[in-house]
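The structure under discussion appears below in the form of structure tokens.
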Amino acid sequence: MTRQFKTADYEATLDQTISLREALPANHLARFVVDLVAELDLSRIYKRYGPRGGEAYAPEVLLALLFYGYATGVFSSRKIEKATFETLPFRFVAGGLHPDHDTLANFRKAFCTEIKDLFVQVLLLAQTAGYLKLGNISMDGTKVHANASKSKAVSYKRLLELETKLQAEVDQLVQLAEQADRQPGPAGMDVAAEIALRQDRLARLAEAKQVLQARAQERYAAEQAEYVAKQRAREEKAQQSGRKPAGRPPTPPSPEPQDKDQYNFTDPDSHIMKCSSSAGFEQAYNAQVAVDQDGLFVVACDLSAQPNDKAAVEPTLAALASELGTPPAAALDNGFFSSTNLTALERRNIEPYIATGREPHHQSWQERFAAEPEPPDADASPQVKMAYKLRTKIGQAIYRLRKCTVEPVIGIIKAVLGFRQFSLRGLAPASAEWCLVCLAFNLKRYHTLKVG
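Quick note: the sequence shown, position 438, residue 1613 per the working numbering, numbers continuous.
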């Protein structure tokens, strides 16, 4: 007996009529996004529009397209525009309209501040609905590629070398121009254009040099404060013990730029950073998130150009909206440990649980089930006191949740949504885009909890 197969009639399929109501069930993410955007207060965005001009797309439509695009891993404005023609959910979210990619890109860049306000509004809606009950939080950071190539970067040492070389070439060309009446230069050479080209490069190098020197001063101020604190602690230890402390004394910082300090001409705000995913150095930003341990919502986010996480706690906490409440405790890995961060958390009445070193792998059963240690002396260092807190039962319970809360959220954003590079350039625009990414993640999380 001959096997029978189902075949497709593509000509008949082309004439088939499909209802979007039928194709998109009531609990579809596209419907959820449209309904949620309708609940947002967009008065600040509407105020930015002038009273005159052509008929503009409603902000609700553009926001819904951006929210749905980022929530489904479509970050390119060109791809979103294309999807409004080819993809049913995007056609629904766009309401049958087809905003071009320039309109979407300009809207995303123009309303950076307002997007950060909408991030808080979405969290408040989830809180009102009972899906977000702010409790303990976990904080972590990740490196995200900037919209720039590291081949367009120059180190401070190389910058000084290029500056000297270009200035010497300008001097040579000026002499050649002065001798042009007596002795013509090489055929086809426009000496004035060559001089202008090098002077333009020198101007750009001077701008880069100024930025690197300013960054060095900022770094010096932070390192000087840390140096003074270490020196004071060393002196106190010497007074208590009556002898010179072991080890080398801390090295005083330098206010001058280091030879390896980098400036990128495509996105000057971005920095060369070590990325754990590639085990190499990339042009990137340092993205931070604070995640609620119960609901797995991103409750605060921030972006910096500093490779080190220690300076990221204060701005991330500042981004946590007061309307959401105050988390009782926060869990952070050892990259965040510093007296400054301990003070920043305690000042906000948030109990800190910050690792003081790397956790050992494959602990023995004796170590895992050991009795709680004795409390340290009152005059013990903050590091010793924190190490004791993390060995208590409550400390272990709070800190262990960090690995199954904030780290999976970052993994979902980068691996599932696929967000690994910014589209916008500059710290402020990229910071707003990171906020948009976290907002989109919260939308998906809110939708999952609501329909699940």
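No residue lacks a Cβ here, since even glycine has one placed at the ideal position from N, Cα and C.
| Item | Value |
| --- | --- |
| Using only the alpha-carbon positions, how far apart do residue 1407 and residue 1285 sit? | 48 Å |
| Can you tell me where the beta strand (DSSP E) holding residue 1437 begins and where it ends? | 1437–1439 |
| Could you tell me which residues DSSP pairs with residue 1528 in its beta bridges? | 1506 |
| Would you mind giving the Cβ-Cβ distance between residue 1397 and residue 1329, rounded to the nearest angstrom? I have them listed as a contact below 8 Å. | Not quite, the Cβ-Cβ distance comes to about 24 Å (not below 8 Å), so this is no contact. |
| Is any beta-carbon of chain B found at less than 8 Å from that of residue 1352? | No chain B is part of this structure, which consists of one protein chain only. |
| Only counting the same chain, and skipping five residues up and downstream in sequence, which positions put a Cβ closer than 6 Å to that of residue 1235? | 1212 |
| Looking only at its own chain, which residues have a Cβ that is under 8 Å from the Cβ of residue 1682, when we skip the five neighbours before and after it? | Here the chain covers residues 1176 to 1627 and nothing more, so residue 1682 does not appear. |
| With distance defined between alpha-carbon atoms, name the residue in 1421, 1460, 1420 nearest to residue 1439. | 1460 |
| Using beta-carbon positions only, say whether residue 1298 and residue 1617 come within less than 8 Å of one another. | yes |
| Going by beta carbon distance, what residues of the same chain come within less than 7 Å of residue 1523, once the five residues before and after it are set aside? | 1492, 1501 |
| How long is the line joining the alpha carbons of residue 1186 and residue 1196, rounded to whole angstroms? | 24 Å |
| Count the other CB atoms within 10 Å of the CB of residue 1579; is the residue buried (16 or more) or exposed (fewer)? | exposed |
| Are there three or more Cβ pairs, one per stretch, closer than 8 Å when the stretch 1329–1339 is compared with the stretch 1426–1446? | yes |
| How would you write the range of the alpha helix (DSSP H) that residue 1622 sits in, first residue to last? | 1602–1626 |
| Looking at C-alpha atoms only, which residue of 1551, 1323, 1324, 1377 is the closest neighbour of residue 1336? | 1377 |
| Could you check what DSSP says for residue 1259 in three-state terms: helix, strand or coil? | helix |
| Given this structure, state the Cα-to-Cα distance separating residue 1527 from residue 1207, to the nearest angstrom. | 36 Å |
| I'd like the ranges of any beta strand (DSSP E) spanning at least 3 consecutive residues and lying wholly in the stretch 1384–1440. | 1437–1439 |
| Who pairs with residue 1461 in a beta bridge, going by DSSP? | 1318, 1479 |
| Which value, in whole angstroms, describes the spacing of the CA atoms of residue 1291 and residue 1395? | 31 Å |
| Going by DSSP in three states, residue 1287 sits in which element: helix, strand or coil? | helix |
| By DSSP's criteria, residue 1450 is part of a beta bridge. Which residues make up the other side? | 1455 |
| Could you tell me the alpha carbon to alpha carbon distance between residue 1455 and residue 1448, rounded to whole angstroms? | 8 Å |
| Measuring straight from C-alpha to C-alpha, what distance separates residue 1343 and residue 1364? | 18 Å |
| Do residue 1474 and residue 1511 come within 8 Å of each other at the CB atom, strictly closer than that value? | no |
| Would you decide whether residue 1202 is buried or exposed? Buried here means 16 or more other CB atoms lie within 10 Å of its CB. | exposed |
| On a Cα-Cα basis, can you pick out the residue from 1192, 1583, 1243, 1586 that is closest to residue 1611? | 1243 |
| So, at 8 Å on beta carbons, what are the nonlocal neighbours of residue 1571 in its own chain, with the 5 sequence-adjacent residues on each side left out? | 1565 |
| For residue 1466, which of helix, strand or coil comes out of DSSP? | strand |
| Check whether the Cβ of residue 1236 sits closer than 7 Å to any heavy atom of the ligand GDP, and report yes or no. | With respect to small molecules bound, the structure shown includes none, and the ligand GDP cannot be examined in it. |
| Assess, as a yes-or-no matter, whether the stretch 1595–1610 is touched by the stretch 1463–1481 under the definition of 3 or more beta carbon pairs within less than 8 Å. | yes |
| State the DSSP-derived secondary structure class of residue 1251, mapped to helix, strand or coil. | coil |
| In the DSSP output, which residue or residues are listed as bridge partners for residue 1596? | 1320 |
| For residue 1330, does the three-state DSSP call read helix, strand or coil? | strand |
| Can you find the residues in the same chain that come closer than 7 Å, C-beta to C-beta, to residue 1392, ignoring five residues on each side of it along the sequence? | 1430 |
| Using CA atoms only, rank isn't needed, just tell me which of 1620, 1586, 1615, 1420 is closest to residue 1294. | 1615 |
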